[in-house]
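**Q**
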């Protein structure tokens, strides 16, 4: 049902143009479907059903709005509401597919904050309810409702149109869409510890939406790269958490638990994209993930290849987080000292110098170099600086292990 | 990112307000409430009772021992708090600065630990 959400929304926006009100109407139609289809069965044309019900809700809203205005401005004579025209079950079927993309562009409008882009995308394109999105982000439903309604007001205020942008604007907006999908995936992926299944659903949702974009733009290498990156990352999910919920680093994961089907699909996608489309950062990150995925063990990883890929990635946009990852690759190829030297350069970069990840990587490299005391101090510093509970647990565990070796 | 905005004080401080001042503080809080609810940043918040109402529970030899009042060494106590979900620490600071307590004894902006994390 949820894949119909953007199609139904697209049809109604074309008819009425009022994104804000129409989106509310579609949400109500989806909620009605969720209860009615269970009791009385799925209608012959689910899409036609949703369009008709959403039309009704929109007309009701419109009528109420008119009544309100009539009360407020009694002197004004207003025409009655439009007669409801029941749509053909399968009209505008072809337009439905393209609407999804135009909707994504609208929901990821640059005037919105990332949090608002995410919320609006999940509701208008993903078809999730406000309550589901609120649960996924651990905020009250009223807060999420407010975030969504604000985002819609903002879009209205900017005068943004429901259309496909062209040229450079289209490239920019697609970048924003991919970033939002990446953020949704990450939100779900990083929280996949413990029994919080509701949050894990965000990774599934991000992959579903990215697949949709990939189907619409099969020749865009970055879209393919992002889908491959998600598949390759998510493939590790069964191995990244131990029984008590603790994080397991990549090097120590039980590789037999990795999802082979997801890896095969991700590797096939990225291999294809690398040979026939323009290179980009998502493709490079997917390629790095693919090298890890194909290594039979941490020791047998093709680190020179990973190092080369990180160098390329840095060329697309120097970023201290990428440099930090490159430092690990440098250490694996040229030894921990070389990696630590690179970290010293980062210590002067105020964007990242105090970040707990720098301390965590330093700790790992010091441990590799056999400097147990210094490594332990760095693990403890990183543990103090992270605001993630599982990360803190992991870092304290590493520090405790080193303390144990001393005695 | 979630932050707790913590407002500290004690009975003496709250009681030093005149009735008008107190009404002013309450009105400012109501306005603040409205603002963070409208912006979609509100996660939760409560006002706490005076320190006289506090019980401290300590288990000694497996038996809970209850004493009246908070720990003696503290001079100021948590009076109320908000939890906000904001884009950045800068926004959390901007919000904290709007609270009346920011003009008195300060508001603590305390990061809330996340249950999520990445493998390293």
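Protein chains in written order, with the working numbering: chain A, 77 to 483; chain B, 28 to 147. Positions of the beta carbon are idealized from the N, C-alpha and C atoms, including for glycine. Source: prediction; values computed, not measured.
Quick check: the stretch 139 to 147 of chain B against the stretch 71 to 89 of chain B, are there 3 or more CB pairs under 8 Å?
**A** The stretch 139 to 147 of chain B is not in contact with the stretch 71 to 89 of chain B.
**Q** Give me the Cα-Cα distance between residue 120 (chain B) and residue 213 (chain A), rounded to the nearest whole angstrom.
**A** Roughly 22 Å between the two C-alpha positions.
**Q** Are the stretch 89 to 108 of chain B and the stretch 446 to 453 of chain A touching, with three or more C-beta to C-beta distances below 8 Å?
**A** Result no; under three Cβ-Cβ pairs closer than 8 Å.
**Q** For chain A, check one thing: does any of its Cβ atoms lie closer than 7 Å to the Cβ of residue 70 (chain B)?
**A** Closer than 7 Å to some Cβ of chain A, the Cβ of residue 70 (chain B) qualifies, so yes.
**Q** State the start and end residues of the unbroken beta strand (DSSP E) segment that holds residue 87 (chain B).
**A** 82 to 87 is the extent of the beta strand (DSSP E) around residue 87 (chain B).
**Q** Would you grab the beta carbon distance between residue 67 (chain B) and residue 219 (chain A) for me? Rounded to a whole angstrom, and I think it's under 8 Å.
**A** Between residue 219 (chain A) and residue 67 (chain B) the Cβ distance is about 5 Å, and since that is below 8 Å, they are a contact.
**Q** So the candidates are A:363, A:234, A:310 and A:341; which of them puts its Cα closest to the Cα of residue 350 (chain A)?
**A** The residue with the shortest Cα to Cα distance from residue 350 (chain A) is A:363.
**Q** Buried or exposed for residue 408 (chain A), please, with buried defined as at least 16 other CB atoms from any protein chain shown within 10 angstroms of its CB.
**A** Label assigned to residue 408 (chain A): buried.
**Q** If the cut-off is 9 Å on Cβ atoms, which residues from the stretch 337 to 362 of chain A count as contacting chain B, listed in chain order?
**A** Listed by position, the residues of the stretch 337 to 362 of chain A near chain B (Cβ gap below 9 Å) amount to none.
**Q** Quick check: the Cα distance between residue 338 (chain A) and residue 260 (chain A), rounded to an integer number of angstroms?
**A** About 19 Å.
**Q** With H, G and I counted as helix, E and B as strand and the rest as coil, what does DSSP make of residue 130 (chain B)?
**A** It is helical.
**Q** Here's a check: name, in chain order, each residue in its chain whose Cβ is nearer than 7 Å to the Cβ of residue 238 (chain A), leaving out the five neighbours to either side.
**A** 89, 95, 178 and 182, listed in sequence order.
**Q** Does any residue of chain B have a CB that is nearer than 7 Å to the CB of residue 467 (chain A)?
**A** So, interface residue.
**Q** Listed in chain order, which residues of the stretch 82 to 93 of chain B have Cβ atoms closer than 9 Å to some Cβ of chain A?
**A** Hits within the stretch: zero.
**Q** Please check if any C-beta of chain B sits within less than 7 Å of the C-beta of residue 372 (chain A).
**A** Answer no: the Cβ-Cβ gap between residue 372 (chain A) and chain B never drops below 7 Å.
**Q** Given that residue 146 (chain B) touches chain A, what residues does it touch there, using C-beta distances under 7 Å?
**A** Within chain A, the residues near residue 146 (chain B) are 316, 323, 324, 325 and 326.
**Q** At least one CB of chain D closer than 7 Å to the CB of residue 223 (chain A): is that the case?
**A** Considering every chain present, this structure includes no chain D. Its protein chains are A and B.
**Q** Is residue 477 (chain A) close to chain B? Criterion is C-beta to C-beta, closer than 7 Å.
**A** Not closer than 7 Å to any Cβ of chain B, the Cβ of residue 477 (chain A) fails to qualify, so no.
**Q** Who are the near neighbours of residue 324 (chain A) in its chain, counting only those whose CB is closer than 7 Å to its CB and skipping five residues on each side?
**A** The residues are 315, 316, 317 and 318.
**Q** Please classify residue 53 (chain B) as buried or exposed, where buried requires at least 16 neighbouring CB atoms within 10 angstroms.
**A** By the 10 Å Cβ count, residue 53 (chain B) comes out exposed.
**Q** Taking residue 73 (chain B) as part of the beta strand (DSSP E), name the residues at either end of that continuous run.
**A** Looking at the DSSP string, the run of the beta strand (DSSP E) that includes residue 73 (chain B) is 69 to 74.
**Q** Tell me, please, whether the CB atom of residue 454 (chain A) is closer than 7 Å to any CB atom in chain B?
**A** Taking Cβ atoms only, chain B never reaches closer than 7 Å to residue 454 (chain A), which makes this a no.
**Q** Can a CB atom of chain B be found closer than 7 Å to the CB of residue 464 (chain A)?
**A** With 7 Å as the cut-off, residue 464 (chain A) counts as an interface residue toward chain B.
**Q** Can you check DSSP and say which residues form a bridge with residue 98 (chain B)?
**A** The partner list for residue 98 (chain B) (beta bridge, DSSP) is empty, contrary to what the question assumes.
**Q** By DSSP, does residue 125 (chain B) sit in helix, in strand, or in coil?
**A** Of the three classes helix, strand and coil, the one that applies to residue 125 (chain B) here is coil, per DSSP.
**Q** Can you pull the chain B residues whose beta carbon is under 9 Å from the beta carbon of residue 226 (chain A), in chain order?
**A** Those are 65, 66 and 67, listed as they occur along chain B.
**Q** List the DSSP bridge partners of residue 36 (chain B).
**A** BP columns for residue 36 (chain B) point to B:104.
**Q** Give the straight-line distance between the Cα atoms of residue 166 (chain A) and residue 84 (chain A), rounded to the nearest whole angstrom.
**A** Residue placement at residue 166 (chain A) is flagged as unreliable, the pLDDT there being 47, under the threshold of 50; a coordinate-derived value is accordingly withheld.
**Q** Return helix, strand or coil for residue 152 (chain A), following the three-state DSSP convention.
**A** Confidence in residue 152 (chain A) is poor, its pLDDT being 42 and thus under 50, which makes the residue's placement unreliable; the coordinate value appears in the next sentence. DSSP places residue 152 (chain A) in coil when its eight states are reduced to three.
**Q** Pick helix, strand or coil for residue 135 (chain B), following the three-state DSSP scheme.
**A** If DSSP states are grouped into helix, strand and coil, residue 135 (chain B) belongs with the strands.
**Q** Using a Cβ-Cβ cut-off of 7 Å, state whether residue 219 (chain A) counts as contacting chain B.
**A** Yes, residue 219 (chain A) counts as interfacial toward chain B.
**Q** Residue 140 (chain A): buried (16+ other C-beta within 10 angstroms of its C-beta) or exposed?
**A** It counts as exposed.
**Q** Mind reading off the beta-carbon distance from residue 306 (chain A) to residue 282 (chain A)? Whole number of angstroms is fine, and I expect it under 8 Å.
**A** Yes, they are in contact, since the Cβ atoms of residue 306 (chain A) and residue 282 (chain A) sit about 6 Å apart, within 8 Å.
**Q** Please name the residue or residues paired with residue 31 (chain B) in a DSSP beta bridge.
**A** DSSP output for residue 31 (chain B) lists B:110 and B:137 as bridge partner(s).
**Q** Do residue 86 (chain B) and residue 93 (chain B) have their C-beta atoms closer together than 7 Å?
**A** Their beta carbons are not under 7 Å apart, which means residue 86 (chain B) does not touch residue 93 (chain B) by this criterion.
**Q** Using only the alpha-carbon positions, how far apart do residue 225 (chain A) and residue 75 (chain B) sit?
**A** The alpha-carbon atoms of residue 225 (chain A) and residue 75 (chain B) are separated by roughly 32 Å.
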